[in-house]
Each structure stands twice: as structure tokens, then as C-alpha cells.
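Notes follow once the structure below has been shown.
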């Protein structure tokens, strides 16, 4: 890479690094942003640098056969450039730095852009589950995307594509290290250091000069150990290699001065003739010299307060193991024992089960851990070393890369099977992938199945399915009511409106449908006919949580012009369709986060949808109520042999999923035709789609025409109008493709 590209990436990536992956949530003064502020120009430079990489990749790539593996936050924008050019390109991404928590990440002005460009990959890798968990939390809170775990794999469903999450700490290059250990100058340097520190117990720190490496905390802990355990005066030496900082700034100069002052103070207080407790090496150290220090050190100490993987402990363990004894000199092979004191905040910490883990902010506790490490019996050191070496040697960088590539191949196996297309502009670009079996519902096919069946179950969502999502108070037309009544009057049909609306709203709108079933508030309230009493799907819920949730929702309603709260008997819904969408979308995400925090200990579910945020009791869904209705039909000797389910939003996906499993559970007849249908072409668990509400009503009208109305059904004369005479043209029913969720 040219030096100009390197400078551009370092400059532009600084804003993101200061927030999270390298910065761990604290701003730092660097060349990218004086004072730690986000600069739009730096972000644009970052994007430009990524575009240059993209242009070079395009020159050599074969999109049909090649895989692209992108590394670290410097190239986070690259996947979107690649995906826009090649919809089916197989892309993997590995983040070698920590991903910040959602509380910190949310303050980044380009937070959604970065999440979406990462989601344009097929597999995203992290060193630890904590880093992955932070990323998944950000996707949930800022994009409303939830992850799923299946057979040990974590995935995010993103517009019909499954984006895999890989948790795999990187390893070291064993062959490269061992080749350095074999060098003659290596053996010579080890001999020199053994002579220099003869009779001393050497503790070693190898860190970059950085505010997050905790070098001064390490010095303070070592000082405290000397004070509380005077037996180590004259015997214990801490060698601190402080690699020069990668950047420049006031904070770097301050750190260097602080480290220098601490070293001088400790050496003055505890030093004596021929003995300095601290040896500070403040320069670039060649590989041979660094590995020689690893070889002679009894213990390596890492006190970073925030870091990425940090492979220093791995390198140390390999150096203490040495090369095979048959080809090694005594100076290099050394004893097979080692000891590690590592911060719990570094990526490799979970992999080193024999290490002593510390919180570096607790200086006194760290000092005791240092004493424990160097006072440990030789046998314990050998056993811990053996355990660490076995892991490090079998999980090297070759193993890591093979494992990632295998999972990337698995994640991309269906790439050329699904129809897909790209939508969106800029960093909002994404690829929509549909199931190959996803097709438009054929009127002829469903009418044929309908005519052959004798016990039919029909589940219909309301908003966005039977009527457009124009208003909360949208009422069904007389024509629609007549179609539904005709379907209900067929003795072979059980028809239900399954909606998120309140029971009073639905009951009022369909008061002229005497034998229509209604499942209100996502199925919490249920009645089979107009004259029956409402039933509840579960025991009466404790709605005390409403007193906690409503004040929070009121705050956002007052601050968001055009929004309002819908209060149901068992749920609260915040609507923001009529508000400024840019601001309202941001408010909805903030509210979701706020409500999840306030209601963390309550038995409720907080969900965001298109233009809504809803809080409702747990264990209530359209899918569960549809399954309950089918089971009840079976108990009454009316086991369904035809099921039609139509909806348009997320809440209906549960219904589609449960309907698909109905045959496996035996609650519908064998070989029952199952028509799960969504409204609009979009990723869905449904197998079929209709383009809009007009087509839904047209299809229901076609079914009504072939129905056999029961003359004893009790319909009034004015509502028994023949469906064939109805005009459902645009002049009578004003349909729109606009939809919201929450119906």
C-alpha cells in the first residue's frame, strides 16, 4: 500500500477508532480530529480511500468464483462498494478490534452507515463473544434487526439474506516465530540477557505507547508489590518495552512523560547499586531482541484497559516453549514453564484459562497477582504453560484462516440459488434476496384447492392487507364487509380477522359481520362470532408496567410533533407515521432503548415496527393464536384441510411460521394446502405474495364467488348481496402501496 493511502486511512479512520474499536469509548486527540470531534471531511476521506481499494479489486476479481475477505475497521466501507457492483459476490469481514457497546456507538454520527455496510457482507468475524454481542445489540437497537441462533451458528436476517456471525480469536504465525528462534543471533542475545539478569526474576511488559495500554498502571502495581513484599527488593525486575506511538498528539507526550516520571521515582526509591527495579526500553525493538526478552522472562504482564486481541501472551508462550530440543541450543530451549498476568479487557484473555486475570484499574489487586505469579511453584508454572502452549500451537493463524474460510463458504452456499436485486442509495444500499420458492399467489391454484376442501381456515390481517395503511381509523368498505360475510356464510369456512388493533375498534368496524371471528391485540382477545363473549388467550396480565412505560412514551410524544400513543387494554403503541420521518425514526430507536431499560424486569415485549413502537405482554402473538384456532377446530371435529393466511408486516411473520409448522404438529389434515401470503414482494416466511391490498380483496372476492353460502347463516338481506355484482374498482376502494407495521 502506498504511503499516501496509509496516511489517508489512518486520518479518516481516526474518528471511528476514537469511539470504539481502538478507543474503547473514550475520545482521544489525534490527527483525524482535533479535540476528538467527529469531522465530516475525515469520514469522506475514509470513504474515498475505501473506494480506491474497490477500484483496484474490480480490476482483478472474478465475481462468479472469487471470495473477498476484508480486514478491520480501516476498510469498513468497502463491502458496500463491492455489493453495489456485484450483488452475488461472496464477502467476509473480520474486525480485529473491539466493537463498542451500543451506549457508546450510538454517539457516532455515521452509526447506521457503518452497520449497514458491515451487513452487506456474508460473514462477519469477531475475536470474542463480547465484541459480537455489542455489534448485535447495535443492530437490534438502531436497525431493529434481531439475531437468531441455529445449530451453533449466529445469523442476522437482513432483507432475505442471512449474515453469519463468526466468533474466532486470531492466532499467531508459529512458523515465523520458530524461524526467528532458530537464528544464531537469537541464541547470542538470549545468552546476553541471561547474564545481564542473572539471579533476578524478570517480569516483562511489551506495549505500544498508548493511553489504553495501561503502562503506568502496571508500573504502579509493581511499585506497590515492592512496598508490600520487600522480599523482592533487589530480586524482581520489570522490563517494560514501550513501542513508539503510531500517531502524534498531546496525549501521547503526556503518557510518555508520566511513564518516565514513574520509572525514575520507583528506581530512586527501590534501586541500589547494580540494581534498577524498572528497565524502560523506549524505542523500536527488533524482533530478535523482543523474542529474546520473552525467552528469559518468568512472567509477562499485560495491563491494557482496552485493547483488541493482543497477541503478546501467545508469542511469549511460544518463546518459552522454544524450538524442538533436538535442534536447539540450551540458551534458547530453556525451561518449559511460563506465567501470565493479563487484563480481563484484552481479547485473548478468555482463551488463556491458566493465566491470572486482573482488573488493571485495581492497583493493589494487580500487585498481589504479580506476587502470586512469580511466587508460584515450578510445577504449577509448568502445568499452566503446557495448557497454554497446547492451545496456542493448535489455534494458530493458519487454523484461524481455514476456519473462517470454511464458514464463509457455508454462508455463501445459496448465493446463486436465490433471486435477488439491489435497492437503496449510498450506504443505504442493500441486496434483497427472496426464497426461490417465493412466488405470486395464483388465483386459479387457490380457487382449485378451495373448491376441493371441506374444512377451511382463513386468517386475515387488517391494516395493510384488507385496507391501505392510510389512517388509524380506516374502516372497511361495504363491499369488503359483504365479501367477508359471504365467506363466513359458507359452512365449510372459519374466517378470522387477526390484528393488532383493539377489540373495541375491530368489534365496531365489523359489527355487521355476525359470524366473523376476531382475534384482537395480536390474539390476546378472541371471539368466534359477534354474539360470543371475548375470551383471553392467557391469564389476565399484570398491566402495572403501563404506569412505567406511559411516562416514557409521553416524553417522546411531546418531543415529536405528529406522533401519538394508542392505548389498548393490554398494550401501548407509539405511532409516528405522520411525524418527520428522519427525526421520528431516531426518536423511535431512542425510545426502544429507553423502554427496554425501564422494563427490563417486566414480562413484556418491546418491539419496533414500521412507524410504530409497541409494548405488549410476552407470550402473545398472531402465530400462537392462529395455532390455537386450528387446534380448536380439530377438537371440534373440523380439522382444517385448507389454510389461507394473509398479512403484510412483521407481526404476521409469526403467523406464517406457525402455519407452516401446523402439518408437522398434526393440527391440520395431512396434505393440507397451506397458503401463507404476504402483501408486496419482500423477504418473508410466506411462500406467496400479492402485490397490494387491491389484489388481496380481488382474490377474496374470487373465493367468495365459488363459496356455498349457508341460507341459515343469519345474514341480513342487505348484507347478503351477491359478490358477483360488486364493483371493487379504484373509484370505490382507494388503495395504496404504503404500509406500516403493527397491524
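Numbering (my numbering), first residue to last: 337 to 1079.
Cβ coordinates follow ideal geometry from the N, Cα and C atoms, glycine included.
Cβ neighbour criterion (16 or more within 10 Å) applied to residue 614: buried
Per-residue burial, residue 407 [other beta carbons within 10 Å of its own, 16 or more giving buried]: exposed
Ordered list of alpha helix (DSSP H) runs contained in the stretch 722 to 765, each at least 4 residues: 733 to 747
The stretch 605 to 614 in contact with the stretch 554 to 562 per 3-pair CB rule at 8 angstroms: yes
Contact belief for residue 506 with residue 645 at Cβ below 8 angstroms, rounded distance in angstroms: 6 angstroms
Beta-bridge pairing of residue 856 - partner residues as DSSP gives them: 861
Rounded C-alpha distance that separates residue 517 from residue 658: 7 angstroms
Residues of its chain near residue 771, where Cβ-Cβ distance is below 7 angstroms and the 5 sequence neighbours each way are ignored: 754
Whole-angstrom distance between residue 799 and residue 815, CA atom to CA atom: 16 angstroms
Whole-Å CB distance - residue 637 paired with residue 541, under 8 angstroms assumed: 5 angstroms
Buried or exposed by the 16-neighbour rule on C-beta atoms within 10 Å, applied to residue 639: buried
Three CB pairs or more closer than 8 angstroms across the stretch 453 to 462 and the stretch 899 to 911: no
Contact check, residue 836 vs residue 857, beta carbons under 8 angstroms: yes
Bridge-paired residues (DSSP) for residue 407: 430
Residue environment, residue 367, which counts as buried when at least 16 other CB atoms sit within 10 Å: Residue confidence for residue 367 is low, a pLDDT of 38 falling below 50, so the modelled location carries little weight; the figure read from the coordinates is stated next. The residue is exposed, with fewer than 16 neighbouring Cβ atoms inside 10 Å.
Supposed close pair residue 538, residue 631 - CB separation, criterion 8 angstroms: Going by Cβ atoms, the distance from residue 538 to residue 631 rounds to 10 angstroms, so no, they are not a contact pair.
Host alpha helix (DSSP H) of residue 523 (start-end): 520 to 532
Given residue 433 as reference, the closest of 481, 647 and 588 once Cα atoms are compared: 647
Residue interval of the beta strand (DSSP E) (run including residue 379): Here residue 379 belongs to no beta strand (DSSP E); instead the alpha helix (DSSP H) covers 376 to 396.
For residue 923, the three-state DSSP class (helix, strand or coil): helix
DSSP bridge partner residues for residue 695 (one or two, in chain order): Answer is none; residue 695 lacks a bridge partner.
One or two residues paired with residue 981 in a DSSP bridge: 795 and 1012
Cβ contact (3+ pairs, closer than 8 angstroms) linking the stretch 728 to 746 and the stretch 989 to 1002: no
Ordered list of alpha helix (DSSP H) runs contained in the stretch 606 to 652, each at least 4 residues: 623 to 632
Three-state secondary structure (DSSP) of residue 329: Outside the shown range of the chain, which is 337 to 1079, sits residue 329, and nothing can be said about it.
DSSP bridge partner residues for residue 1004 (one or two, in chain order): 976
Sequence-distant residues of its chain with Cβ nearer than 8 angstroms to residue 1042 (five each side left out): 783, 786 and 787
Rounded C-alpha distance that separates residue 942 from residue 950: 6 angstroms
Between the CA atoms of residue 832 and residue 867 - distance to the nearest angstrom: 15 angstroms
Beta-carbon proximity check, residue 386 vs residue 411, cutoff 8 angstroms: yes
Classification of residue 939 by the beta-carbon crowding that lies within 10 angstroms, buried from 16 upward: exposed
Outcome for residue 829 when other beta-carbon atoms lying within 10 angstroms are tallied against a minimum of 16: buried
Straight-line gap, residue 761 to residue 635 (C-alpha atoms, nearest Å): 53 angstroms
The stretch 912 to 925 contacting the stretch 944 to 958, beta-carbon criterion three pairs below 8 angstroms: yes
Residue 967 - DSSP class collapsed to helix/strand/coil: helix
Bridge partner(s) assigned by DSSP for residue 687: Bridge partners of residue 687: none, in fact.
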